[in-house]
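If you read the protein sequences in the order shown, they are chains A and B.
For what it's worth, this note's numbering labels the leading residue of the first sequence as 1, then goes sequentially.
For what it's worth, this note's numbering labels the leading residue of the second sequence as 1001, then goes sequentially.
What follows is a short report on a single structure.
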Amino acid sequence: EAQVTQNPRYLITVTGKKLTVTCSQNMNHEYMSWYRQDPGLGLRQIYYSMNVEVTDKGDVPEGYKVSRKEKRNFPLILESPSPNQTSLYFCASNEGGADTEAFFGQGTRLTVV
Amino acid sequence: GQNIDQPTEMTATEGAIVQINCTYQTSGFNGLFWYQQHAGEAPTFLSYNVLDGLEEKGRFSSFLSRSKGYSYLLLKELQMKDSASYLCAVDTGTASKLTFGTGTRLQVTL
C-alpha cells in the first residue's frame, strides 16, 4: 500500500530536549516536505526537499532541521524544542514538485511543556 | 507576501449544493489545489487547476480564474461525510513552495 508513515503519532516533551520525528514514504517520490498546522493559521511549510541531499527552507523554518540522506526518509529534527513549537505536524511527499498531488502522513501531535 | 483567503466556516444541508470560494494574491502562480481534511486526519487531494475553467470529478468540481485570482470548489448532493475542512493551496512557482489558505470548515446538517 502506497503511504507516508510518520512516527510518533503523539509526543509530549519538555523544553530543550532534542527530538526527531521520522517520515518515510514507499512511493519513490522525489519531493518531500514538512508542514505544521495551527488553529487559525492553516498549514505552513517548514522545510522541503526536492531530492536526496537537496533541502530548502519553507515559510517557517526557525527552530527546525531536516536531512535527506535517502530518498524514502525525511526526518524533522527539533534541536531545542520550545512551547511555541507545540503543533500538529504533517509530512508529505509528491511524485514531482509542488505542482503535483501531495500525499500526507497521518500527522504527529507534538506538545512541548 | 502570499495571501490566500477562504471563509472560515460554512453550513449546508444534506443533499444540497455548496460553493466554497478561495481568492489569492501571490507572487507567482503555478496551479491551485483543493484538499479535504476530516477532523484529526491528514489532508487528501481533491483537485488541481492550472488553466482557467471548470474541472469536474464526480460530485466535486473546481473552477479557476487566473485573471481574477479566484477559485471555487463546488460540492453537489451533499452527504454527511462531506463535513470536513476544505483547504485551498497555491503553488506559487517559487522554489517549489505550496502555500495554503487557512481552510473552510464545512458542516453538513440534516
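Ideal placement from N, C-alpha and C gives every residue a C-beta, glycine not left out.
As the structure is a computational prediction, the values presented were derived from the model and not from experiment.
Across the set B:P1043, B:S1062, B:Q1107, B:K1057, the C-alpha of B:S1062 shows the shortest separation from the C-alpha of V1050 of chain B. Contact residues of the region 37-58 of chain A toward chain B are G40, L41, G42, L43, R44, Q45, Y48, M50, D56, G58 (C-beta to C-beta distance below 8 Å). Within the region 1038-1049 of chain B, the residues whose Cβ lies closer than 9 Å to some Cβ of chain A are G1040, E1041, A1042, P1043, T1044, F1045, Y1048, listed in chain order. For I1020 of chain B, the pairing in a beta bridge is given by DSSP as B:L1073.
The beta carbons of L43 of chain A and F90 of chain A sit closer together than 9 Å.
Going by DSSP, Y48 of chain A is part of the beta strand (DSSP E) stretching over 42-51. When C-alpha distances from T22 of chain A are compared across A:D99, A:S82, A:K69, the shortest belongs to A:K69.
Using a Cβ-Cβ cut-off of 8 Å, F90 of chain A is close to A1042, P1043 of chain B, given in chain order. The three-state reading of DSSP puts K1081 of chain B in helix, counting H, G and I together. Every beta strand (DSSP E) of 3 residues or more that sits fully in the region 1047-1071 of chain B is shown, in chain order, as 1053-1057, 1060-1065.
Measuring C-alpha to C-alpha distances from P75 of chain A to each of A:I46, A:V14, A:D38, A:I12 identifies A:I46 as the nearest.
The beta carbons of G16 of chain A and P81 of chain A sit about 7 Å from each other, so the pair counts as a contact at 8 Å.
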